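Read in order, the letters of the sequence shown are residues 3 to 344 in our numbering.
Every residue, glycine too, gets a C-beta built ideally from N, C-alpha and C.
Computed from a prediction, not measured in an experiment: that's the story for all the values here.
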Amino acid sequence: MNDSVPVEALALHQGLLTIDTHIDIPWPTGPDPFVDGTRRVDLPKMQRGGVAAGCFAAYVPQAARTPESEAAAFERAIGMLQAIRHMGRSENGIAARVASTVAEIEAAKRDAVLAIVPAVENGFAMGNDLSRLAEFRRLGACYMTLTHNGHNAIGDSCNPRADLGDAATEHGGLSPLGRAAVAELNRVGMLIDVAHVSRDTMLQAAALSRTPVLSTHSCVRGLCNNARNMDDAQLDVLRDTGGVIQITAVAAFLKQDAKPDAVTVRDFVDHIDYAVKRIGVEHVGISSDFDGGGWFTGWRDASESANLTVELLSRGYDRQEIAALWGGNFLRLLRIAEETAG
Ligand SMILES: [Zn+2]
């Protein structure tokens, strides 16, 4: 924990059910998550930083869409979900537990156990087979990011991959399979993550989904013109459909063409302020994208997470608002997904 954090702010921070909604894991192998090591997130850093829960992504890079690569992508996603689940144990004096429902995440916080929340990043992981979504949920996945960089069979990405032969748009948003995937994600009780998708894909998913959609890691275009960020009209759609944008710690999304060293906690909270002023505090949240490109000065790793709470307090947010930003809004959506499932 950062020594400069005032004692009252630290107490408030540690009392919150804080959730970082997007963290990457090493694959195929990496450092022991129970040892404070070279990763921006490991369990000792989460504990020191007062991060109660982390959504860990089984991330599948986009590749050419062949039956072989789709099978490999599915295998990788399953393997990564199993590795994420394996973090749910006690070791080195640290207790962690897989938590895939609101009740489980809340219980972990009550028990002072770190909550490991599995997720899938890139719908390429399901290929053309909708039945795979239920398998992801069975392994605890709470959300699936519909695309990554590059279009897939589900829909268009905001970052087409020329090296994979992508045109600017392929489906004009969601494909028919993508529309079926949204319905199936609703049915199995997983949230629909619109980070990485094109504007049209996002708008169509928001209109179609029976549960509000969220971006688990994006920032706002009004402050930084990056394809990964949401413009004002998209933010308004999130407000009107009950969705959430989880502002993320990627320097180039926060400040035009910036390197992480040139970005501060104030820049990050500027994006939170912007979204809150436009669509309300109940539609905004926090994510790091640690170990997937996210970090900046003042939030270099999970151990520094209380610095965000200090900045939010200094800008006049009260405890209830900070709790909503730090995970309450995400849990509201997850609860709706659970209630809507089946
Ligand atoms: Zn991502």
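For the beta strand (DSSP E) holding residue i, just list the boundary residues, first then last.
i              : result
serine 316     : Looking at the DSSP string, serine 316 is not in any beta strand (DSSP E); the run it does join, the alpha helix (DSSP H), is 308 to 316.
isoleucine 249 : 246 to 249
serine 220     : 216 to 220
isoleucine 27  : Looking at the DSSP string, isoleucine 27 is not in any beta strand (DSSP E), and its letter there is neither H nor E.
glycine 287    : 286 to 288
Return helix, strand or coil for residue i, following the three-state DSSP convention.
i                : result
leucine 148      : coil
methionine 3     : Here the model assigns methionine 3 a pLDDT of 47, short of 50, so the residue's position is not dependable and the matter cannot be decided.
alanine 60       : strand
leucine 198      : In the sequence on display, residue 198 carries histidine and not leucine. The answer is coil: DSSP assigns histidine 198 none of H, G, I, E or B.
leucine 210      : helix
tryptophan 328   : helix
alanine 55       : strand
phenylalanine 36 : coil
aspartate 293    : coil
aspartate 22     : strand
glycine 300      : coil
For the alpha helix (DSSP H) holding residue i, just list the boundary residues, first then last.
i             : result
arginine 99   : Segment 96 to 100 is the beta strand (DSSP E) holding arginine 99; no alpha helix (DSSP H) there.
threonine 243 : 234 to 243
valine 9      : 9 to 17
glycine 81    : 69 to 88
glutamine 49  : 45 to 50
lysine 279    : 267 to 281
alanine 229   : Premise fails: alanine 229 is in no alpha helix (DSSP H) and is neither H nor E.
alanine 254   : 253 to 256
Sequence ranges, beta strand (DSSP E) only - wholly within the stretch 104 to 189, length at least 3:
116 to 123, 145 to 147
Would the stretch 191 to 210 and the stretch 233 to 242 be scored as touching if the rule is three or more Cβ pairs under 8 Å?
At 8 Å Cβ cutoff, the stretches touch.
Could you tell me whether the stretch 128 to 139 touches the stretch 160 to 176, where touching means 3 or more Cβ pairs closer than 8 Å?
Counting Cβ pairs under 8 Å, fewer than three are found: no touch.
Tell me whether the stretch 306 to 322 and the stretch 72 to 79 touch, counting them as touching only if at least three CB pairs, one residue from each stretch, are closer than 8 Å.
no
Taking contact to mean at least 3 C-beta pairs separated by less than 8 Å, is the stretch 109 to 116 in contact with the stretch 158 to 170?
no
For the stretch 26 to 43 and the stretch 91 to 98, state whether three or more C-beta atom pairs, one from each stretch, are separated by less than 8 Å.
yes
Would you check if there are 3 or more beta carbon pairs closer than 8 Å linking the stretch 18 to 33 to the stretch 326 to 335?
yes
contact_flag[the stretch 320 to 329, the stretch 269 to 286] where n(CB pairs < 8 Å) is 3 or more
Judged by Cβ distances under 8 Å, the stretch 320 to 329 makes contact with the stretch 269 to 286, as three or more pairs qualify.
Does the pairing of the stretch 133 to 150 with the stretch 180 to 190 give three or more beta-carbon distances under 8 Å?
yes
Does the stretch 220 to 227 come close enough to the stretch 47 to 61 that 3 or more CB-CB pairs lie under 8 Å?
no
Contact between the stretch 297 to 308 and the stretch 267 to 285 (3+ Cβ pairs under 8 Å)
These segments touch.
Would you be able to state if there are at least three C-beta pairs under 8 Å between the stretch 205 to 217 and the stretch 251 to 266?
Contact between the stretch 251 to 266 and the stretch 205 to 217 is absent, because fewer than three Cβ pairs lie under 8 Å.
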